[in-house]
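Asks: Under my numbering, think of the first position of the sequence shown as 51, with each following residue one higher.
We treat Cβ as the ideally placed atom computed from N, Cα and C, and that holds for glycine.
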Amino acid sequence: MTNFLSRTKPSDDVPRLAMGHLRSTWPVDLFESRVPITVIVAAAGVDTLHGPSRILPFLRGIPADEAAALLRGD
51 MTNFLSRTKP
61 SDDVPRLAMG
71 HLRSTWPVDL
81 FESRVPITVI
91 VAAAGVDTLH
101 GPSRILPFLR
111 GIPADEAAAL
121 LRGD
C-alpha cells in the first residue's frame with residue numbers, strides 16, 4: 051500500500067493519504083462496536099494499551115444514562 055501511495059499523484063485539492071491515519075480508523079470502529087479491548091489489542095498485535103490510548107479522543111461519547119446501564123451490566 052505504501053508503494054502504491056508513493057506512486058500516485060493526488061489532486062492538489064485532495065489531502066494526501068497517510069498510512070498512520072488509515073491504521074487508526076479500524077480500531078475506532080471496533081471500539082465503537084463494543085468489541086472487547088482484549089480482542090482489539092490482540093488483533094493490533096500489541097501488548098500494551100499505549101497505542102490504543104491515542105485513539106480515545108476520536109471515540110464518540112456515551113450519554114450518562116447509557117454509561118450507567120453499561121457499568122451496571124444492564
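#1: Which one of L106, S74, R110, P107 has the shortest CA to CA distance from A93?
#2: Looking at P102: is its Cβ nearer than 9 Å to the Cβ of I90?
#3: Looking at the secondary structure, which residues open and close the alpha helix (DSSP H) in which G101 lies?
#4: Just to confirm my understanding: we take D62, look at its own chain, exclude 5 residues before and 5 after, and list those with CB closer than 6 Å. What are they?
#5: Output the distance between the C-alpha atoms of R57 and R66, rounded to the nearest integer angstrom.
Replies: Concretely, from the data shown:
#1: Of L106, S74, R110, P107, the smallest CA-CA separation from A93 is found for S74.
#2: Yes, Cβ-Cβ distance for P102 and I90 is below 9 Å.
#3: Boundaries of the alpha helix (DSSP H) harbouring G101: 100-103, taken from the DSSP string.
#4: Closer than 6 Å at Cβ, skipping near neighbours: no residue.
#5: In a straight line, the C-alpha of R57 is about 12 Å away from that of R66.
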